[in-house]
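Reviewing the structure listed below.
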Amino acid sequence: MKPDHDLFEHLRNATRQFLAALFPLPAPKPGHFLQGEFANHAGARSYKLYVPGCYRGQSLPLVVMLHGCTQDPDDFATGTRMNALAEETRCFVVYPAQSADANQHRCWNWFNALDQQRGQGEPSIIAGIASEVMSRYNIRRNEVYVAGLSAGGAMAAIVGALYPDLFCAVGVHSGLPFASARDLPSALSAMRRGMQAEPIAGGGLPIIVFHGDQDSTVHPRNGEQVMIQKLHGHGVLENAAIDTGSVPDGHHYTRTIHRRSNGKPLGEHWLVHGAGHAWSGGSADGSYTDAKGPDASREMLRFFKTCVTP
Numbered sequence: 043m044k045p046d047h048d049l050f051e052h053l054r055n056a057t058r059q060f061l062a063a064l065f066p067l068p069a070p071k072p073g074h075f076l077q078g079e080f081a082n083h084a085g086a087r088s089y090k091l092y093v094p095g096c097y098r099g100q101s102l103p104l105v106v107m108l109h110g111c112t113q114d115p116d117d118f119a120t121g122t123r124m125n126a127l128a129e130e131t132r133c134f135v136v137y138p139a140q141s142a143d144a145n146q147h148r149c150w151n152w153f154n155a156l157d158q159q160r161g162q163g164e165p166s167i168i169a170g171i172a173s174e175v176m177s178r179y180n181i182r183r184n185e186v187y188v189a190g191l192s193a194g195g196a197m198a199a200i201v202g203a204l205y206p207d208l209f210c211a212v213g214v215h216s217g218l219p220f221a222s223a224r225d226l227p228s229a230l231s232a233m234r235r236g237m238q239a240e241p242i243a244g245g246g247l248p249i250i251v252f253h254g255d256q257d258s259t260v261h262p263r264n265g266e267q268v269m270i271q272k273l274h275g276h277g278v279l280e281n282a283a284i285d286t287g288s289v290p291d292g293h294h295y296t297r298t299i300h301r302r303s304n305g306k307p308l309g310e311h312w313l314v315h316g317a318g319h320a321w322s323g324g325s326a327d328g329s330y331t332d333a334k335g336p337d338a339s340r341e342m343l344r345f346f347k348t349c350v351t352p
């Protein structure tokens, strides 16, 4: 009986292949990367919005991604691979663009006192871009997040601190804590040595931090200070869970996890050993990336999902 069975299986597989070639399934519909611009009293900025191919009017999360110095939305999207993950996890991603007129190196001005105030400066523009996307598409209001790299990471910390009513969690990669500088000299000092973070009222939003321990541009102490700022007043520094791991043929890392007493996430701090000033797990097709690290984009989206409240 077995030879007949094998022949039947062979014929069935051949028939499947023939039908698949004759009537191929439609390829997944690609998403759209759209250009936009937002303006308010603080100025105007362009942005790129990724709308996933699955979108048919259903409610989806939104992630705001803030690039680093010398970068732009296209470069940052390529380096972080966030658009591909948006297809996989079904979310919108918006990339505000810093202008050369506002900063000649296209850095977000996280070190200016004006740009650390709600309703003022660049934080108001970034929040306005998020609100504009939310008004035009069906966005889940309890799943709106902001993340960034370097100067973008520092600005993400600021925006999250100033607009906790708009954002639900923050991702800071190779960045600095909220209000760690007030001008360019203090910014350079904080970047070189790290700066003790001022407490945030209420501790701020849940936060995930990535930092390379060989970062010579923004001292790794800043990543620690971002977490201390977040955990101020929660009294959970002693109760952290620590695990270690490594990427095959890549970097080792230490992850420190903080939770509330009810198990809800407060923060995660990923220290990537041997990594410099680069997006962990990113694509070499973009700038400031390190493919040998754990996938910061995927881990941020995973962390954000754990922060969802009804």
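Counting from 43, one number per residue, gives the positions in the sequence shown under our numbering. Idealized CB from N, CA, C, for every residue including glycine.
G78 sits in a strand when the DSSP states are folded into three classes. In this chain, the beta strand (DSSP E) harbouring L104 covers L102 to L108. Given a length threshold of 3 residues, each whole run of the beta strand (DSSP E) inside the stretch 155-240 is given here in chain order: 181-191 and 211-215. Non-local beta-carbon contacts of S288 in its own chain, meaning distances under 6 angstroms to residues more than five positions away in sequence, involve H294 in chain order. Ranked by Cα distance from M233, the options A223, A86 and P241 are led by A223.
With respect to the 8 angstroms criterion, N82 and G170 are classified as neighbours on the basis of their beta carbons.
No residue range can be given for G323, since it is assigned to no beta strand (DSSP E) and is classified by DSSP as neither H nor E. DSSP, reduced to helix, strand and coil, places S329 outside both helices and strands of the structure shown, so it counts as coil. DSSP, reduced to helix, strand and coil, places V93 within a strand of the structure shown. Cβ-Cβ distances below 6 angstroms link G213 to A189, I250 and M342 in the same chain, with the five nearest sequence neighbours on each side left out; the list follows chain order. With 16 or more other CB atoms across the displayed protein chains lying within 10 angstroms of its CB, E310 is buried.
Between the alpha carbons of S325 and A333 lies a gap of roughly 6 angstroms. For H294, DSSP records a beta bridge to S288 and H315. The beta carbon of N264 is closer than 6 angstroms to those of L218 and G236 in its chain, skipping five residues each way along the sequence. Secondary structure of P115 (DSSP, three-state): helix.
Taking the C-beta atoms as reference points, P138 is found nearer than 8 angstroms to V106. The beta-carbon distance between F252 and A119, rounded to whole angstroms, is 18 angstroms. This is too long to meet the 8 angstroms contact definition. Under the three-state reduction of DSSP, G265 is assigned to helix. Note that the stretch 125-137 touches the stretch 86-94; at least 3 beta-carbon pairs, one per stretch, sit closer than 8 angstroms.
Cβ-Cβ distances below 8 angstroms link K90 to F75, L76, Q77, G78, P115, D116, A119, V136, Y137 and A139 in the same chain, with the five nearest sequence neighbours on each side left out; the list follows chain order.
S88 sits in a strand when the DSSP states are folded into three classes. Here R301 is bridged, per DSSP, to P307. Boundaries of the beta strand (DSSP E) around F252: I249 to G254. I299 places its beta carbon 8 angstroms or farther from that of A317. Excluding five sequence positions before and after N125, the CB atoms of its chain that fall closer than 8 angstroms to its own CB belong to G73, F75, Y92, A119 and V135, given in chain order. The beta carbon of E174 lies closer than 7 angstroms to those of F80 in the same chain, with the five residues before and after it left out.
Counting every other CB atom within 10 Å of its CB across the protein chains shown gives E164 a total of 16 or more, marking it as buried.
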